[in-house]
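Let me begin by presenting the structure, written as structure tokens, before commenting on it.
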């Protein structure tokens, strides 16, 4: 009997041992199968989650954000303890006790699933397991993935602290509304920082991981409120808050941004505009698109927010004024069907979805509106964001022919703005508006640092994101002439040099080119100063021929107007395309005395850890760290900027361009400080320009149709673009001031007759007398003795292009036909727009 009992227990023991052995072997095999190709957990220690890149103004105000995943990384020590407690209570109350997974929770979940016959299937993943799934594994609901998740969770618990794991979780978790991490979610739902959240708001955020796409605070209000209140109860059970605090929190309504109870964070930011979008374009190119959108960069922009608004309004005012002078109504091109207008809720919903610009604030904000009823004398309008039905009367559209019913139809979507009192801002009436077809650009920058303070690439960014200041290539026309004169002045010419203003005939090989002055007249021997003041084309061509187009091209390239200028005489009149961005930057070098300056929209870029990875200003402050400077002695800024032109030449050119403003083609420019500049009006008035500067700010404008065509009679750079410059610069002068242009050493003044170039007495004065600056040691020749004809005989001919015959059209180094405009399409490719004819190309600027 005893033997039998011992034999039984021996067999049982052997069976148990073998069972344990084979069980261990099986577990070991499973572990080996699922662990030999597992991803390494080491990358979690160095994980840098995709975060928002933010753009700040110079004053530190947030003005724009760019991101693929809306995430604000927050270190665990900056996440309030109650926020952590809410998520632990909701997702893993034993987080600080287990080793990565919770066997009891897994058994409980399995039991509930069996007893409910699959009706009550719930997860049992710990926070650590969720981190593994989010970072290292897929979201597949399979046994294989679960086993790998458990193994990885155990491993990561051995290499990272609990707080490090919780930091990863709270920054990575998706919480709906394109928000990743608790900091971004707090901003998205409550427009608050984590420190400002209340208990009920923390509990709401902790409710979201269970079903972030389903727990919408409006559509699933009751369900998510119930979940929120349950979490509040769990926080009491886990002794994070008191019952009294819980009762107060449960009683609070669920007020969120999505329900309209709280203002959206995005509403506190200015509308995205050409400035911040250009930063996106440039930094995506410099740093790479992936780094820009996910790197959490902190970007300090050079923009001056108030002057940016003034720049937009100045350009918009000119574009709208031109558009209205044409007397043509185009509207938005959108019309609602009659059934949409049958119900107010329907047309308001359709109007909210209408793809029209909403970023225009010229005069007052422009609102989208729909025509509900129209007669010959008035139109009734439903206006977005306005409860009352608006009305526009016929006198408001006196700039258009015909009646109100001739202009509008029921269902038309239009723009309106309020006309208000200048005295107290009270409402007077509604006014009909339209986005002009004509476009343009404006840019302003500091002449010494290159900091761009304003850039407007069109009438409305929302209507057209194409930045015409940086992306459009246009003929600058006569705005290019200062570079011809700069080359001449550096080649031994003076402002008193006489140049023949007489007819020229040039055999181009395709015909005779006869450049003309804008007045169609000829003025004979004329000083260089008068040539630029009155924008004489014939004098410019003769100067270019005398100096040599290769020299002129070298100057244009040195100033950055072109990467490679084709040395054809027609290009001396601005026939080769460039951008406003390049022209304004080049004029800055005239203003600062001839030193190279690189334009920038960004002062500094810092990475997510606060390290500076780009800084524009590389100058050094000498003696800034010296504590014992003598009284009255200030530190000075050491600059190693390259000199691109002689400072005396720069001053002579500036003096002559002051004459353009005082007596020449830009007399509409009137500022309380000295100002210099040059107009540009291309052949057939396809583009009009003005670029000018004070002692510290340079700004430029161009206006023209995107598909170049004539702007019509009576339009010019001085009459259309110069007022834009003046409008903006009045505000810029108030902000930055201005003074006399600095006279460089090494020269002396001599009074001359600006019409004849003859030397005058030192005490002579009058409208004909101007003081010109000459280099010391230079013996200027005055009057007819200084005459230059450029090598042309009056009525003679000279090849305007290279002597070799040309096969096909003239092209740039990029293979683009001269006279064409290259723009980017949505895919990043290029569209070659309609090119100019040979006549347009060879005619160049007018005045």
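Residue numbers (the numbering used here): 3 to 849. Backbone N, C-alpha and C define an ideal beta-carbon position, used for all residues, glycine too. Bear in mind the structure is a predicted one, so any value in this text is a computation, not a measurement.
One or two residues paired with residue 448 in a DSSP bridge: 699
Host alpha helix (DSSP H) of residue 315 (start-end): 307 to 328
Around the C-beta of residue 450, are 16 or more other C-beta atoms found within 10 angstroms, so that it is buried, or is it exposed? buried
Could you check whether the segment 60 to 78 touches the segment 301 to 311, counting it as contact only if at least three pairs of C-beta atoms, one from each stretch, sit closer than 8 Å? yes
Count the other CB atoms, across all protein chains shown, that sit within 10 Å of the CB of residue 820; report buried if there are 16 or more and exposed otherwise. In this prediction, residue 820 has a pLDDT of 36, which is less than 50 and means its spatial position is unreliable; nothing more can be read from the coordinates.
Excluding sequence positions up to five away, which residues of its chain have a Cβ less than 7 Å from the Cβ of residue 478? 576, 580, 585, 682 and 691
Should the segment 281 to 301 be called in touch with the segment 433 to 444, which here means at least 3 C-beta pairs below 8 Å? no
How is residue 594 classed by DSSP in three states: helix, strand or coil? coil
Cβ contact check for the segment 556 to 567 and the segment 446 to 464: 3 or more pairs under 8 Å: no
What is the DSSP secondary structure of residue 386, reduced to helix, strand or coil? coil
Residue 480: buried (16+ other C-beta within 10 angstroms of its C-beta) or exposed? buried
Which residues mark the beginning and the end of the alpha helix (DSSP H) in which residue 171 is found? 164 to 174
Less than 7 Å between C-beta atoms, sequence neighbours within five positions excluded: which residues of the same chain meet that for residue 52? 70, 71, 73 and 296
I'd like to confirm the pairing. Which residues does DSSP put opposite residue 706 in its beta bridges? 441 and 689
Restricting to Cα atoms, I'd like to know which of 746, 645, 589 and 631 is closest to residue 699. 589
Integer Cβ distance of residue 415 from residue 372, believed to fall under 8 Å: 5 Å
Could you give the first and the last residue of the continuous beta strand (DSSP E) run that contains residue 774? 771 to 777
With H, G and I counted as helix, E and B as strand and the rest as coil, what does DSSP make of residue 194? coil
Alpha carbon to alpha carbon, what distance is there between residue 50 and residue 163? 17 Å
Return the Cβ separation of residue 312 and residue 364 in integer angstroms, given the expectation that the two are a contact with Cβ distance under 8 Å. Not quite, the Cβ-Cβ distance comes to about 11 Å (not below 8 Å), so this is no contact.
Expressed to the nearest angstrom, what Euclidean distance is found between the alpha-carbon atoms of residue 675 and residue 740? 6 Å
For residue 207, the first and last residue of its enclosing alpha helix (DSSP H): 201 to 209
Run of the beta strand (DSSP E) containing residue 717, from where it starts to where it stops: Run containing residue 717: none; DSSP gives neither H nor E here.
DSSP state of residue 621, grouped into three classes? coil
Other residues of its chain near residue 267: CB distance less than 6 Å, five sequence neighbours each side excluded: 189 and 193
For residue 616, the three-state DSSP class (helix, strand or coil): strand
Compute the beta-carbon to beta-carbon distance between residue 183 and residue 294, rounded to the nearest angstrom, for a pair I have assumed lies under 8 Å. So it is not a contact: roughly 19 Å between Cβ atoms.
Take residue 82 and list the residues in its own chain whose beta-carbon comes closer than 7 Å to its own, dropping the five residues that flank it on each side. 196 and 197
Do the CB positions of residue 317 and residue 442 come within less than 8 Å of each other? yes
Counting only the same chain and skipping the five closest in sequence on each side, list residues whose C-beta sits under 8 Å from that of residue 375. 381, 382 and 412
Residue 749, DSSP secondary structure in three states: strand
So which of 84, 489 and 259 has the shortest CA-CA distance to residue 172? 84
Note down, in chain order, each residue of its chain lying with its Cβ closer than 7 Å to the Cβ of residue 423, except the 5 sequence neighbours on either side. 430
Three or more C-beta pairs closer than 8 Å, one from the segment 606 to 626 and one from the segment 711 to 729: is that the case here? no
Of the residues 687, 594, 535 and 607, which one's Cα is nearest the Cα of residue 641? 594
By the DSSP assignment, the beta strand (DSSP E) with residue 300 in it spans what residues? 300 to 303
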